[in-house]
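Scroll down for the structure; my scribbles are underneath it.
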Amino acid sequence: MTDAQAAAPLCSHLDQVRRVAPDSADSCTECVAKGDTWVHLRVCPTCGHVGCCDSSRNKHATAHHSATGHPLIRSYEPGETWWWCYEDELTFDVEGAGPARALQ
Numbered sequence: 001m002t003d004a005q006a007a008a009p010l011c012s013h014l015d016q017v018r019r020v021a022p023d024s025a026d027s028c029t030e031c032v033a034k035g036d037t038w039v040h041l042r043v044c045p046t047c048g049h050v051g052c053c054d055s056s057r058n059k060h061a062t063a064h065h066s067a068t069g070h071p072l073i074r075s076y077e078p079g080e081t082w083w084w085c086y087e088d089e090l091t092f093d094v095e096g097a098g099p100a101r102a103l104q
């Protein structure tokens, strides 16, 4: 069992986490392409897709989950460390993971 699995035993999808770089440093590229804005950003730890949150009009992070089946997102807000599993409907932290995007 990995440290990540021990820290979040209720999420059964941590085996889908990959070491990937986010596809955007600080924006929802789908919103940018539409000339739209977003509230908060989320990153997919399976492929690196960065999308807007469910408080945003377009909900691109959830749309990404629906299109790909990738079960997890992480907050991509500076300093935030929480994760969300769509399949298990669970918010959690992974011990030692730190924020996906550092404070600036």
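No gaps in the numbering here: position 68 of the sequence shown is 68 in full-length UniProt numbering, and each next residue is one more.
No residue lacks a Cβ here, since even glycine has one placed at the ideal position from N, Cα and C.
With distances taken from CA atoms, which of the options is nearest residue i?
i: A63; options: G35, L90, R42; result: R42
i: V39; options: A100, G79, S56, E77; result: S56
i: L10; options: A102, P99, G98, V94; result: V94
If we count the other Cβ atoms within 10 Å of its Cβ and call it buried at 16 or more, is residue i buried or exposed?
i: G96; result: exposed
i: E89; result: exposed
i: T91; result: exposed
i: P78; result: exposed
Measure the alpha-carbon distance for residue i versus residue j and round it to whole angstroms.
i: S12; j: L72; result: 10 Å
i: S66; j: C85; result: 13 Å
i: W83; j: G48; result: 14 Å
i: G51; j: S75; result: 10 Å
i: E30; j: H60; result: 7 Å
i: G87; j: G35; result: The amino acid occupying residue 87 in the given sequence is Glu; Gly does not appear at that position. Near 31 Å, if we compare the C-alpha coordinates of G35 and E87.
Tell me, which residues are paired with residue i by DSSP?
i: G51; result: R42
i: R74; result: V43, W83
i: residue 106; result: The shown model of the chain, from 1 to 104, leaves out residue 106, and the question about it has no answer.
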